[in-house]
Amino acid sequence: MKYHIWKLGVVFTDNSFLYLAWYTTMSVLGHYNNFFFAAHLLDIAMGFKTLRTILSSVTHNGKQLVLTVGLLAVVVYLYTVVAFNFFRKFYNKSEDDDEPDMKCDDMMTCYLFHMYVGVRAGGGIGDEIEDPAGDPYEMYRIVFDITFFFFVIVILLAIIQGLIIDAFGELRDQQEQVREDMETKCFICGIGNDYFDTIPHGFETHTLQEHNLANYLFFLMYLINKDETEHTGQESYVWKMYQERCWDFFPAGDCFRKQYEDQLG
1 MKYHIWKLGV
11 VFTDNSFLYL
21 AWYTTMSVLG
31 HYNNFFFAAH
41 LLDIAMGFKT
51 LRTILSSVTH
61 NGKQLVLTVG
71 LLAVVVYLYT
81 VVAFNFFRKF
91 YNKSEDDDEP
101 DMKCDDMMTC
111 YLFHMYVGVR
121 AGGGIGDEIE
131 DPAGDPYEMY
141 RIVFDITFFF
151 FVIVILLAII
161 QGLIIDAFGE
171 LRDQQEQVRE
181 DMETKCFICG
191 IGNDYFDTIP
201 HGFETHTLQE
211 HNLANYLFFL
221 MYLINKDETE
231 HTGQESYVWK
241 MYQERCWDFF
251 PAGDCFRKQY
261 EDQLG
């Protein structure tokens, strides 16, 4: 029973299952409104490994990204408080006899204006409100505009972009390292191909016959589906380590050829 609950948890948290469930949901909804079929175009991202890496880079540093966005929201709110109390007149643009554009009429409107317009503006909030030239608050506005640009646009937005770019580079390097290790090292024992290739097809023979990854997977599946009361001594040992997610039963750094050479030595 415990195993079946664990298996259901694995299934319902698996990314592939969640993606297919979402895909199926969009397909069903598409029969009621063709608009939902447009979501299937995102399938192109799943067909290319590079695009999957790009998508993963957004979620790889998810915690840091969320915290940084939260800090950005707090900093913008602090600037909103200052603007609402001291610089509100610069936000209510009006030309000739037109009705004033009340961008900062209340705190909520003012905050949304700073988040939506100020953060997106290349030069900060100062590009979107009235020029303070000749106003008694001119010097204060200059400090306000420059610090907003520096802290929000230059620092915080750059940190958010940097987290995504660094995550993409890290994931790409990890994939390259995994690919290189799979091609040059035995996955089971970790011994490099230069050790086995002193004889023809040595590494290929080793990974197919001695340390075949599929055989290890089959053995683990055999233990998972076998009743624990029927396990042999060795099977009980491996099963216990597997449940603890301890992989010491893998012959790391060891193989039959090495044992044979040690005996001869």
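So for the sequence shown, UniProt numbering puts the first residue at 1; every next one is plus one.
Every residue, glycine too, gets a C-beta built ideally from N, C-alpha and C.
Candidates the options: closest to residue i by CA position
{"i": "residue 124", "options": "107, 134 and 155", "result": "155"}
{"i": "residue 43", "options": "32, 26 and 57", "result": "26"}
{"i": "residue 170", "options": "57, 76 and 197", "result": "57"}
{"i": "residue 127", "options": "135, 90, 40 and 162", "result": "90"}
{"i": "residue 141", "options": "23, 79 and 113", "result": "79"}
{"i": "residue 72", "options": "255, 88, 153 and 31", "result": "153"}
{"i": "residue 237", "options": "263, 220 and 260", "result": "220"}
{"i": "residue 115", "options": "69, 143, 131 and 88", "result": "69"}
{"i": "residue 6", "options": "76, 106 and 224", "result": "224"}
{"i": "residue 163", "options": "40, 22, 67 and 252", "result": "67"}
{"i": "residue 22", "options": "40, 110 and 239", "result": "40"}
{"i": "residue 122", "options": "189, 157 and 139", "result": "157"}
{"i": "residue 181", "options": "160, 207, 200 and 201", "result": "207"}
{"i": "residue 75", "options": "174, 151 and 245", "result": "151"}
Cutoff 8 Å; reference residue i; Cβ partners in own chain excluding five residues on either side
{"i": "residue 185", "result": "191, 192 and 193"}
{"i": "residue 266", "result": "Residue 266 lies beyond the residue range present for the chain, which begins at 1 and ends at 265; the question has no answer from this structure."}
{"i": "residue 55", "result": "45"}
{"i": "residue 148", "result": "79, 118, 124, 125 and 126"}
{"i": "residue 239", "result": "223, 228 and 231"}
{"i": "residue 253", "result": "189, 190 and 191"}
Sheet register partners of residue i (DSSP bridge)
{"i": "residue 192", "result": "185"}
N-terminal and C-terminal residue of the alpha helix (DSSP H) that residue i is part of
{"i": "residue 247", "result": "Residue 247 -> no alpha helix (DSSP H), and no H or E assigned at all."}
{"i": "residue 47", "result": "43-47"}
{"i": "residue 214", "result": "213-225"}
{"i": "residue 15", "result": "15-30"}
{"i": "residue 120", "result": "Note, residue 120: premise wrong, no alpha helix (DSSP H); not H, not E."}
{"i": "residue 264", "result": "256-264"}
{"i": "residue 115", "result": "That residue, residue 115, is in no alpha helix (DSSP H); it is neither H nor E in DSSP."}
{"i": "residue 209", "result": "Segment: none, residue 209 is in no alpha helix (DSSP H) and carries neither H nor E."}
{"i": "residue 146", "result": "138-148"}
{"i": "residue 203", "result": "202-205"}
{"i": "residue 80", "result": "62-86"}
Own chain, CB closer than 6 Å to residue i, minus 5 neighbours either side, in chain order
{"i": "residue 187", "result": "213"}
{"i": "residue 113", "result": "103"}
Beta-carbon contacts of residue i that lie in its chain and below 7 Å, excluding the five residues immediately before and after
{"i": "residue 129", "result": "90 and 91"}
{"i": "residue 172", "result": "53"}
{"i": "residue 203", "result": "193, 196 and 197"}
{"i": "residue 87", "result": "137, 141 and 144"}
{"i": "residue 211", "result": "186, 188, 189 and 255"}
Heavy atom of the ligand NAP within 7 Å of residue i beta-carbon
{"i": "residue 230", "result": "Ligands in the displayed structure: none, and consequently the ligand NAP is not present."}
Contact with chain B by residue i, beta-carbon distance below 8 Å
{"i": "residue 261", "result": "Here chain B cannot be found, since the structure has a single protein chain."}
*Taking 8 Å as the threshold, find out whether the stretch 162-176 comes into contact with the stretch 71-84 through three or more Cβ pairs.*
no
*Any chance the stretch 128-135 sits against the stretch 60-74, with 3 or more Cβ pairs inside 8 Å?*
no
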